[in-house]
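The structure appears right after this line, and notes come after that.
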Amino acid sequence: MDDDKENSSLSQAAQLGGLTLQDTDILNISKILAECDTSTLELYTSELIDPESLGFVPKSAWSSKPTSLETLRDGYFGRKNNVNRRFEHKLWNALKITASFPNMTRFVGVSWVNDRIIKVYKYAFAKLLNIKIVDGGLFHKQGNFTRHGFVTVNEQAARSEVPESLLADVDFRDVVLIYHKDNRFTQNSPEEAISNCKWEDPSPKMRVASLKIGVMPSIDE
Numbered sequence: 023m024d025d026d027k028e029n030s031s032l033s034q035a036a037q038l039g040g041l042t043l044q045d046t047d048i049l050n051i052s053k054i055l056a057e058c059d060t061s062t063l064e065l066y067t068s069e070l071i072d073p074e075s076l077g078f079v080p081k082s083a084w085s086s087k088p089t090s091l092e093t094l095r096d097g098y099f100g101r102k103n104n105v106n107r108r109f110e111h112k113l114w115n116a117l118k119i120t121a122s123f124p125n126m127t128r129f130v131g132v133s134w135v136n137d138r139i140i141k142v143y144k145y146a147f148a149k150l151l152n153i154k155i156v157d158g159g160l161f162h163k164q165g166n167f168t169r170h171g172f173v174t175v176n177e178q179a180a181r182s183e184v185p186e187s188l189l190a191d192v193d194f195r196d197v198v199l200i201y202h203k204d205n206r207f208t209q210n211s212p213e214e215a216i217s218n219c220k221w222e223d224p225s226p227k228m229r230v231a232s233l234k235i236g237v238m239p240s241i242d243e
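Last residue of the sequence shown? That's 243 in the working numbering, and every number before it is there in order.
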């Protein structure tokens with residue numbers, strides 16, 4: 023009886039504001055809430071990360087100063103990209119965190135599945151980077167991943183290249199797989215190669231065309 027009341031309350035809550043969620047969405051939300059216990063949150067606020075020992079890039083910008091993911095998010099990952107906080111460096115550094123602290127993946131949002139393919143939890147990674155429009159900021163034709171040379175892996179290719187156990191939570195919608203089209207960004211890439219995955223600005227012709235039809239070109243944020 024109590025379970026029926028709880029499910030009814032969840033269903034009503036899911037329809038508030040004109041939003042209707044499927045049963046699977048409600049179950050997933052329930053699981054996430056259940057996982058957000060004190061010990062989990064302590065990973066975000068208290069677990070210490072040493073950027074230098076993990077191999078953050080650029081190496082010249084980091085020292086052996088252990089800090090929490092919360093502090094890194096507020097002072098680095100979540101701040102606007104610029105010459106000192108480039109997207110390709112943020113991605114690499116985020117992957118370095120989850121390689122050493124797999125249990126932080128839920129907060130960081132990216133992890134390697136092999137030496138060249140990256141699993142992206144879109145909403146978690148967007149939150150880490152303080153990106154409000156998730157698909158537009160990451161996967162649109164002028165989004166960060168696209169403009170830095172990353173492409174998505176389709177389901178057929180994924181099943182031939184990625185172990186089944188690592189595909190269990192990949193829905194190719196909110197959890198996707200990507201790789202760098204020129205193989206400049208792999209698990210073994212040197213800093214120079216990573217830094218060559220630079221933001222590619224739209225050509226002058228594209229900028230003119232965008233302005234003519236009243237659409238402003240997106241910026242690197």
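Yeah, the Cβ is synthetic: ideal placement off N, Cα and C, and Gly gets one too.
Under the assumption that residue i contacts residue j (Cβ atoms under 8 Å), give the Cβ distance between them as a whole number of angstroms.
{"i": "I119", "j": "Y201", "result": "So it is not a contact: roughly 20 Å between Cβ atoms."}
{"i": "W134", "j": "A121", "result": "6 Å"}
{"i": "D137", "j": "N210", "result": "6 Å"}
{"i": "P73", "j": "H111", "result": "About 11 Å; that fails the 8 Å criterion."}
{"i": "R95", "j": "L150", "result": "6 Å"}
{"i": "L188", "j": "R181", "result": "Not really, about 11 Å apart at Cβ, beyond 8 Å."}
{"i": "M126", "j": "L65", "result": "6 Å"}
{"i": "D191", "j": "V197", "result": "6 Å"}
{"i": "L76", "j": "F129", "result": "With 8 Å as the limit, L76 and F129 do not qualify as a contact, their Cβ atoms being about 15 Å apart."}
{"i": "F78", "j": "N166", "result": "Between N166 and F78 the Cβ distance is about 18 Å, and since that is not below 8 Å, they are no contact."}
{"i": "W114", "j": "I216", "result": "5 Å"}
In terms of residue numbering, what span does the beta strand (DSSP E) encompassing residue i cover?
{"i": "I111", "result": "This sequence places His at residue 111; Ile is not what is there. Not the beta strand (DSSP E): H111 falls in the alpha helix (DSSP H), residues 109 to 122."}
{"i": "Y98", "result": "Taken as a continuous stretch (DSSP letters only), Y98 belongs to no beta strand (DSSP E), as it is neither H nor E."}
{"i": "V132", "result": "132 to 134"}
Using the beta-carbon count (16 or more within 10 Å), is residue i buried or exposed?
{"i": "L70", "result": "exposed"}
{"i": "T145", "result": "The residue you asked about is not Thr; residue 145 is Tyr in the sequence shown. Counting Cβ neighbours within 10 Å, Y145 comes out exposed, since fewer than 16 surround it."}
{"i": "F99", "result": "buried"}
{"i": "G131", "result": "buried"}
{"i": "R169", "result": "buried"}
{"i": "F194", "result": "exposed"}
{"i": "E186", "result": "exposed"}
{"i": "G97", "result": "exposed"}
{"i": "I155", "result": "exposed"}
{"i": "A179", "result": "exposed"}
{"i": "A56", "result": "Confidence at A56 is low in this model, with a pLDDT of 49, below 50, so the placement of that residue should be treated as unreliable; the coordinate-derived value is given next. With fewer than 16 other Cβ atoms within 10 Å, it is exposed."}
{"i": "A148", "result": "buried"}
{"i": "T67", "result": "exposed"}
{"i": "N176", "result": "exposed"}
{"i": "V105", "result": "exposed"}
{"i": "N205", "result": "exposed"}
{"i": "V142", "result": "buried"}
I'd like to confirm the pairing. Which residues does DSSP put opposite residue i in its beta bridges?
{"i": "V173", "result": "Y201"}
{"i": "N104", "result": "R107"}
{"i": "S85", "result": "For S85, which the question treats as bridged, DSSP gives no partner whatsoever."}
{"i": "K141", "result": "S133, L199"}
{"i": "L70", "result": "S90"}
By the DSSP assignment, the alpha helix (DSSP H) with residue i in it spans what residues?
{"i": "S75", "result": "73 to 76"}
{"i": "I155", "result": "From DSSP, I155 is part of no alpha helix (DSSP H); its letter is neither H nor E."}
{"i": "K144", "result": "144 to 150"}
{"i": "I216", "result": "213 to 217"}
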